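Novice: The structure's right below; bear with me while I get my questions together.
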Amino acid sequence: AEGEAGGGISPLANFDGDKAVSASPDASPPPAGNEDDVVLDLEYDIWVATDMMIRLLAEIMSSQGQRAPVPTQILGLLPKDPVRPWPSNFAFEGYADKLQRENAMIGTATKTPFVRADTAAPFYPSLRRARRLGYVIWMLLDSLVVGNQGAALTRQEILEMEGTVKRLEAAGAQLR
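If you're matching positions, the sequence shown starts at 1 in the UniProt record's numbering and goes up one per residue.
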């Protein structure tokens with residue numbers, strides 16, 4: 001029904017459904033060397049590095065009888081069709097597929113259904129998705145560098161960065 005666009009969608013996957021549907025998709029890929037390509041490559045690298053980091057944390061935590069949490073709200077931004085195939089040991093794709101298949105409810109204070117931005121709105125712009133990752137990945141990184149004072153950028157520094165490329169590059173450096 002009209003006026004209900006985006007209802008029941010995780011806060012990290014909200015979008016203007018009317019604009020997403022009315023946008024005319026451009027099926028042709030951007031020219032090589034384009035900044036858009038750089039952004040999507042960086043997005044891919046962030047996902048692969050984050051997946052590896054979570055798997056390493058899970059290994060360490062399981063030896064201590066604990067479980068590493070998978071960032072389910074961030075997983076809503078995982079590309080359904082990445083710029084390159086995911087590595088064979090990439091676990092996030094399986095997690096996201098399972099959450100979607102099981103209609104999992106996610107969140108802390110309020111529970112909402114898990115939704116991937118790419119499947120909720122087929123024409124959701126990949127650059128917007130990558131831009132959002134450039135901001136939300138820092139929520140996860142902030143929680144991991146608490147004991148490592150001085151290593152992380154401040155939230156203000158992240159917000160003041162000029163462009164998605166710089167934000168994703170900084171997140172990639174933090175993940176290394």
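Virtual Cβ for every residue (Gly too), placed ideally from N, Cα, C.
Since this is a predicted model, take the numbers as computed values, not measurements.
Run the CB neighbour count on Gly134, radius 10 Å, all protein chains shown included, and call it buried at 16 or more, exposed below.
Specialist: Counting from one through the sequence shown, the residue named residue 134 turns up at place 134. Burial call: buried.
Novice: In the DSSP assignment, the alpha helix (DSSP H) including Gln73 goes from what residue to what residue?
Specialist: As a working note, residue 73 is residue 73 in the sequence shown. 72-75 is the span of the alpha helix (DSSP H), which, as asked, contains Gln73.
Novice: Count Cβ pairs between the segment 78-98 and the segment 40-48 that sit closer than 8 Å; are there 3 or more?
Specialist: Touching, yes, given that three or more Cβ pairs across the two stretches are closer than 8 Å.
Novice: Evaluate Arg129 with the Cβ neighbour count: other Cβ atoms within 10 Å of its Cβ, from every protein chain shown; 16 or more gives buried, anything less gives exposed.
Specialist: By 1-based counting over the sequence shown, the position of residue 129 is 129. Flag for Arg129 reads buried.
Novice: For Leu99, collect the residues of the same chain with a Cβ closer than 8 Å to its Cβ; drop the 5 residues on either side in sequence, then sort them by chain order.
Specialist: What you label residue 99 is simply residue 99 of the sequence shown in a count that begins at 1. Counting only Cβ-Cβ distances below 8 Å, and skipping sequence neighbours, we find Thr72, Leu75, Ile106, Phe114.
Novice: Who are the near neighbours of Pro82 in its chain, counting only those whose CB is closer than 6 Å to its CB and skipping five residues on each side?
Specialist: Position 82 of the sequence shown holds residue 82. Result list for Pro82: Tyr44, in chain order.
Novice: Check the C-beta distance from Leu42 over to Leu127 and give it rounded, since I have them as a contact under 8 Å.
Specialist: The residue you call residue 42 lines up with position 42 of the sequence shown. The residue you call residue 127 lines up with position 127 of the sequence shown. That pair is no contact at about 11 Å.
Novice: Can the beta-carbon of Met53 be found less than 8 Å from the beta-carbon of Leu159?
Specialist: Here residue 53 refers to the residue found at position 53 when the sequence shown is read from its first residue. Here residue 159 refers to the residue found at position 159 when the sequence shown is read from its first residue. In this structure, Leu159 does not lie closer than 8 Å to Met53 by Cβ.
Novice: So the alpha helix (DSSP H) Gln174 belongs to, where does it begin and stop?
Specialist: As a working note, residue 174 is residue 174 in the sequence shown. Taken as a continuous stretch (DSSP letters only), the alpha helix (DSSP H) holding Gln174 covers 164-175.
Novice: Can you list, in chain order, the residues of its chain with a C-beta nearer than 7 Å to that of Ala173? Leave out the 5 residues immediately preceding and following it.
Specialist: Translated into positions along the sequence shown, residue 173 becomes position 173. Contacts found: none.
Novice: Check Met139 in the structure and name its three-state DSSP category.
Specialist: Here residue 139 refers to the residue found at position 139 of the sequence shown. Correct three-state label for Met139: helix.
Novice: Inspect the beta-carbon positions of Val165 and Val38 and report whether they are closer than 8 Å.
Specialist: Looking up residue 165 in the sequence shown gives position 165. Looking up residue 38 in the sequence shown gives position 38. Yes; because the gap between Cβ atoms is below 8 Å, this pair is in contact.
Novice: Would you call Glu157 buried or exposed, if buried means 16 or more other Cβ atoms sit within 10 Å of its Cβ?
Specialist: Position 157 of the sequence shown holds residue 157. Flag for Glu157 reads exposed.
Novice: I need the straight-line Cα distance from Glu162 to Ser143, nearest angstrom please.
Specialist: Here residue 162 corresponds to residue number 162 of the sequence shown, with the count starting at 1. Here residue 143 corresponds to residue number 143 of the sequence shown, with the count starting at 1. Computed Cα separation, rounded: 24 Å.
Novice: If distances are taken between C-alpha atoms only, which option among Arg67, Thr110, Asn103, Thr154 comes closest to Ala120?
Specialist: Numbered from its first residue, the sequence shown carries residue 120 at position 120. Looking at the Cα atoms, Asn103 is the closest of the given residues.
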